[in-house]
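When you read off a place in the sequence shown, starting at 1, and then add 7, the result is the number in my numbering.
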Amino acid sequence: MPQIFSFNKLLLFSLLFSLFGFSQELPPIIKYNPITYNAGNQNWMVSQDKNHILYFANNEGLLEYNGSVWNLYNSPNETIIRSVKVIDDLIYTGSYMEFGYWKRVTNGRLSYFSLSKKIKNKIIDDEQFWNILNYEKWVVFQSLNRIYIYDLESKDFKIINPNNPISKVFKTENAIYFQVLNEGLFEIENGKSKLVSDDLIFKSNKIVNIYQDNNGLIIHTKTNGFFRLSNKIISAYSTSADAELNHSSVYSSYQLNNGNFVVGTISDGIFIISKSGKIEYHISQNNGLSNNTILSLFEDFDKNLWIGLDNGINCINIQSPVKSFSDDTGKLGTVYASILFKGKLYVGTNQGLFCRDYNSKDTFQFIVGTKGQVWSLFVNQDTLFCGHDSGTFIIQNNTAKCIFSQSGTWKFQTVPNKNILLQGNYYGISVLEKNNNQWVFRNKIKGFDYSSKYFELNSSNQIYVSHEYKGIFKFTTDLNYTKAEKVSKLNSPKKGKNASLIKYNNIIYYAYKDGVYKLNNKNNIFEKDTILSTMFTQDEYTSGKMIVDNSNKIWFFSKNYIYYFYRNKLNYKLKKNTIPIPSKFTNSLTGYENISQLNDYEYFIGTTDGYYTINLNELSFKNYTVFISSVSSNKLNEKARDISILDSGELNYDENNVAINYSVAEFNKYINAEYQYKLEGFQENWSQWSTKSSINFKNLSPGDYKFIVRSKIANSNLENSAVYAFTILKPWYFTNLALLVYLLVLIYLAFWINKRYKNYYLKQSVKLIEENNLLLEIKELENEQQLMKLRNDQLALDMDAKNKELAFSTMSLLKKDELLSVIKEDLKKTADEENKSMSIKSVISTITKNINREDSWNIFKDAFDTVDKDFLKKLKILHPLLTPNDLRLCAYLRLNLSSKEIAPLLNISVRSVEIKRYRLRKKMNLNHENGLAEYILSV
Numbered sequence: 008m009p010q011i012f013s014f015n016k017l018l019l020f021s022l023l024f025s026l027f028g029f030s031q032e033l034p035p036i037i038k039y040n041p042i043t044y045n046a047g048n049q050n051w052m053v054s055q056d057k058n059h060i061l062y063f064a065n066n067e068g069l070l071e072y073n074g075s076v077w078n079l080y081n082s083p084n085e086t087i088i089r090s091v092k093v094i095d096d097l098i099y100t101g102s103y104m105e106f107g108y109w110k111r112v113t114n115g116r117l118s119y120f121s122l123s124k125k126i127k128n129k130i131i132d133d134e135q136f137w138n139i140l141n142y143e144k145w146v147v148f149q150s151l152n153r154i155y156i157y158d159l160e161s162k163d164f165k166i167i168n169p170n171n172p173i174s175k176v177f178k179t180e181n182a183i184y185f186q187v188l189n190e191g192l193f194e195i196e197n198g199k200s201k202l203v204s205d206d207l208i209f210k211s212n213k214i215v216n217i218y219q220d221n222n223g224l225i226i227h228t229k230t231n232g233f234f235r236l237s238n239k240i241i242s243a244y245s246t247s248a249d250a251e252l253n254h255s256s257v258y259s260s261y262q263l264n265n266g267n268f269v270v271g272t273i274s275d276g277i278f279i280i281s282k283s284g285k286i287e288y289h290i291s292q293n294n295g296l297s298n299n300t301i302l303s304l305f306e307d308f309d310k311n312l313w314i315g316l317d318n319g320i321n322c323i324n325i326q327s328p329v330k331s332f333s334d335d336t337g338k339l340g341t342v343y344a345s346i347l348f349k350g351k352l353y354v355g356t357n358q359g360l361f362c363r364d365y366n367s368k369d370t371f372q373f374i375v376g377t378k379g380q381v382w383s384l385f386v387n388q389d390t391l392f393c394g395h396d397s398g399t400f401i402i403q404n405n406t407a408k409c410i411f412s413q414s415g416t417w418k419f420q421t422v423p424n425k426n427i428l429l430q431g432n433y434y435g436i437s438v439l440e441k442n443n444n445q446w447v448f449r450n451k452i453k454g455f456d457y458s459s460k461y462f463e464l465n466s467s468n469q470i471y472v473s474h475e476y477k478g479i480f481k482f483t484t485d486l487n488y489t490k491a492e493k494v495s496k497l498n499s500p501k502k503g504k505n506a507s508l509i510k511y512n513n514i515i516y517y518a519y520k521d522g523v524y525k526l527n528n529k530n531n532i533f534e535k536d537t538i539l540s541t542m543f544t545q546d547e548y549t550s551g552k553m554i555v556d557n558s559n560k561i562w563f564f565s566k567n568y569i570y571y572f573y574r575n576k577l578n579y580k581l582k583k584n585t586i587p588i589p590s591k592f593t594n595s596l597t598g599y600e601n602i603s604q605l606n607d608y609e610y611f612i613g614t615t616d617g618y619y620t621i622n623l624n625e626l627s628f629k630n631y632t633v634f635i636s637s638v639s640s641n642k643l644n645e646k647a648r649d650i651s652i653l654d655s656g657e658l659n660y661d662e663n664n665v666a667i668n669y670s671v672a673e674f675n676k677y678i679n680a681e682y683q684y685k686l687e688g689f690q691e692n693w694s695q696w697s698t699k700s701s702i703n704f705k706n707l708s709p710g711d712y713k714f715i716v717r718s719k720i721a722n723s724n725l726e727n728s729a730v731y732a733f734t735i736l737k738p739w740y741f742t743n744l745a746l747l748v749y750l751l752v753l754i755y756l757a758f759w760i761n762k763r764y765k766n767y768y769l770k771q772s773v774k775l776i777e778e779n780n781l782l783l784e785i786k787e788l789e790n791e792q793q794l795m796k797l798r799n800d801q802l803a804l805d806m807d808a809k810n811k812e813l814a815f816s817t818m819s820l821l822k823k824d825e826l827l828s829v830i831k832e833d834l835k836k837t838a839d840e841e842n843k844s845m846s847i848k849s850v851i852s853t854i855t856k857n858i859n860r861e862d863s864w865n866i867f868k869d870a871f872d873t874v875d876k877d878f879l880k881k882l883k884i885l886h887p888l889l890t891p892n893d894l895r896l897c898a899y900l901r902l903n904l905s906s907k908e909i910a911p912l913l914n915i916s917v918r919s920v921e922i923k924r925y926r927l928r929k930k931m932n933l934n935h936e937n938g939l940a941e942y943i944l945s946v
């Protein structure tokens, strides 16, 4: 036993001391590393302009930050910029053998103008300018060797050249001081140095800064702390940080607007010391800073403390209503539950249960026996219950008493008018009962064995249980809560990842990815709550976890916001409030978000690596200004060029890809600005709210455009909106002049076409007339041809008639000769018979004369030539070998006479005619296929 007791004591002692120092709650710290701002590691000085834009003297050049975008401007001679100071609208910088100022030009970029060129021959070789101050109408540039005083009105320089190196120049409300090593402290009067004190303290101790109050000067030295100089009397100015600062090498010092001092060291981060000399914060790399070497300090207009580090830049939101504690050691772990009970703050984590006095800065103490996962903390009847992975504990006087260990415990729920508690366990729901003023486990409700992480009772004492993987169960119990009855699973709403169930204002709510549903107590059906469900639109859902605090507010958590609702006192409707803290900044464990109320306005929110507190009463936002920082345009596949943001822009038609950057110069870690824009002439409706601070418009058509952007922070819209108007010019072939030319060309073309058409139609008319005339001529020709045809036909008829007449005449001649021959023969016979009388002989002689066949032929030939002119000539030409008798036969064949009819005309037999026809074919060389008559008729 003694050994076990000693071990437990040792364990408790080691735990207590292992947790020492991890309970300091710090303001939010924003870390910017060189990769983020894309410049050098070291940052030597910080300044800010009236638009809240910050400037850093960086190893790579002048670094600019407007709250959204970092811009680096290379130093004019490619050396380290050691100093920067904003004076009016100009940004003065000093570097290696060079100083001057930067001025913003029309495109929003900075352009450098050198001042040192005017006195280039007076600058010492290898001189660097480490500090810049302004006093009334002068700007002071300080190197380690000399001080250059520039008169803004006369543009002249005065140079102070001490014999020894200058440590630094300091400005107070009424004077400018500087320290010369081994000589003392000096003041500048009328452009000359005046000794203030040559005390050994100021000769041997390097001064880092000088401040002024009603009692004189407060002088901060590098190694011996603070001194006061009043009426030439030097005295120590003691603080509670002196002991720690004596072991640290102080490099920089700064006084905040509230009078507190910030001390930057070489190896131990910063100390924030109150006016009374008490340490408010000690922040180093161990508890939040990126680096322990502090090169520069600066407080901006919003009371944020900027720290230029040896490796990066940090911003501390000193005035933030949010204070955070980050457990870098992992000893505290992930916070799942918290509660304020009897003046002590209890924090349940995956490492166990811890507590400390709420109003002190004491360290958290581990409560022995609670090692492991804590799920919930609950107070009922002045008793603190702890739901644990190992069961249920009652916490009294920093000790834990286990009253249930059969299963892990999720949560606790009171039962109206009953002296019992229901607790949701890994395997169903069980009952705790108070007997003899002691809470004890009574029974498990039989008949329901599902995990009961979230459950509630309605007005009818029905129990609703939300199971992430199965959905919502409903059941009743007997009067003693020993047995589950009428167990059923609801079909709607559906199951959902990270879903949750809670009772608020006597209404049971269920939240999952599809929205928030509330139970209608009249019909016991879940109905969608349209007001609460608006939180999970636009892909905002991450968790349905709901928490009701002591002030009857109901809290929700989404991707980019924390919401809380409370009843309006006038109409009892829920009023929505938004805290724009994204889940990625809070590091809350999704599905296990937790928040507890510490006092009227302060809340405790657990995270995966500690916790943070937020004061709603201080959660107010300044009226920031949204502004357009740059506008650029580019042609397709070409590099973008910056254009003027001071005047309306005019872009060529092919420079129609426009990028616009805008910003609100606020630097709060947890509170982000959101933007909404529209481009009149392209889209008339406002876009969705977004934290994105730039927009690109591609392939815009020619025309006039007006870009309007507005911003909001949390629940408040900023008063102003930024406007930029620009015009994309039409291509030259669409300009007004071109259109006028096109119009004139069209008019000319119309006139020309009209004229051409007139000429065309005239020509067509002439052509038509000619064609009609031609048609008429053709018609006339056709008529003439028809007439000619008729004439030819008539001629043919006449010829046929002539031929017939000729044939008839020929036949008549033939008949005449035949008749005469017959008469002659008869007369001969008669003459012979009658002894040939002389009278008969005379008749015979006459007849013989009339039957002269040659005369008949000649008559026939003349008639034939008249009817069928030149036939015989043509035939003679075609066939020169033809004899007169052959021609006579051809003529008879032409008349289409048969061989029988031809024979008498030739005074030969029919057989002889056939022979003659055969011989005629041979003379004409006719083929066997060709008929002689057909051939002769065709000639």
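Cβ atoms here follow ideal geometry from the backbone N, Cα and C, with glycine treated the same way.
Quick one: Cα of Ser708 to Cα of Phe689, how far? 9 Å
Express the C-alpha separation of Asp485 and Glu681 in angstroms, rounding to a whole number. 54 Å
Tell me which same chain residues have a C-beta within less than 6 Å of the C-beta of Ser945, skipping the five on either side of it? none
Pairwise C-alpha distance: Asn914 and Lys930: 22 Å
Using 8 Å as the Cβ pair cut-off and three pairs as the minimum, do the segment 205-215 and the segment 225-234 touch? yes
How big is the Cα-Cα spacing for Ser590 and Ser565? 7 Å
Here's a check: name, in chain order, each residue in its chain whose Cβ is nearer than 8 Å to the Cβ of Lys477, leaving out the five neighbours to either side. Tyr457, Lys496, Lys502
Where does Trp759 fall in DSSP's three states? helix
What span of residues does the beta strand (DSSP E) with Val342 cover, start to end? 342-348
Which same chain residues end up closer than 7 Å to Phe878 when comparing Cβ atoms and leaving out the 5 residues on each side of it in sequence? Arg901, Val946
Going by the DSSP bridge assignment, what does Lys239 pair with across the sheet? Per DSSP, none; premise fails for Lys239.
Assign Ser580 to buried or exposed, taking buried as 16 or more other Cβ atoms, counted over all protein chains shown, within 10 Å of its Cβ. Per the sequence shown, residue 580 should be read as Lys rather than Ser. The residue in question, Lys580, is exposed, as its Cβ has fewer than 16 Cβ neighbours within 10 Å.
Where Asn937 falls, given that 16 or more other Cβ within 10 Å makes a residue buried: exposed
Any 3 or more C-beta pairs closer than 8 Å across the segment 567-577 and the segment 517-532: no
Do the CB positions of Lys418 and Ser367 come within less than 8 Å of each other? no
Leu207 burial status per 10 Å Cβ neighbour count (16 or more: buried): exposed
First through last residue of the beta strand (DSSP E) which encompasses Asp249: Here Asp249 belongs to no beta strand (DSSP E); instead the alpha helix (DSSP H) covers 249-253.
Three-state secondary structure (DSSP) of Asn65: strand
Using alpha carbons as the reference points, say which of Lys504, Glu609, Ile532 lies closest to Asn557. Glu609
Need the endpoints of the beta strand (DSSP E) that Asn892 sits in, please. No beta strand (DSSP E) holds Asn892; the alpha helix (DSSP H) holding it covers 891-901.
Local conformation of Trp739 per DSSP, three classes: helix
Three-state secondary structure (DSSP) of Lys460: coil
Would you call the CB atoms of Leu304 and Ile320 closer than 8 Å? no
Using only CA atoms, which one of Phe193, Asp158, Ile156 lies nearest to Ile173? Phe193
Span of the alpha helix (DSSP H) holding Ile42? 41-44
Checking the sheet assignment: what are the DSSP bridge partners for Phe668? The sequence given here has Asn at residue 668, not Phe. Partner(s): Ser637, Ser701.
Looking at the unbroken beta strand (DSSP E) that takes in Ile130, where does it start and where does it end? First-last for Ile130: undefined, no H or E at that position.
In terms of DSSP beta bridges, what is Trp145 paired with? Tyr142, Asp158
Taking contact to mean at least 3 C-beta pairs separated by less than 8 Å, is the segment 610-622 in contact with the segment 329-345? yes
Does the separation of the CB atoms of Gly115 and Ser655 fall below 8 Å? no
CA nearest to the CA of Gly47, picked from Gln55, Asn78, Ile60, Asp56: Asn78
For Ile131 and Ser123, which I take to be in contact (beta-carbon distance under 8 Å), what is that distance rounded to the nearest angstrom? At roughly 11 Å, the Cβ-Cβ gap does not stay under 8 Å, so Ile131 and Ser123 are not in contact.
Go ahead and pull the three-state DSSP assignment for Arg153. coil
For Ser161, which residues from the same chain have a beta carbon less than 7 Å from its beta carbon, with the 5 sequence-adjacent residues on both sides left out? none
Quick check: Tyr471 and Lys481, are their CB atoms within less than 8 Å of each other? yes
Could you pull out every residue in the same chain whose Cβ sits closer than 8 Å to the Cβ of Ile410, ignoring the five residues on either side in sequence? Gly398, Thr399, Phe400, Ile401, Leu439, Trp446, Val447, Phe448
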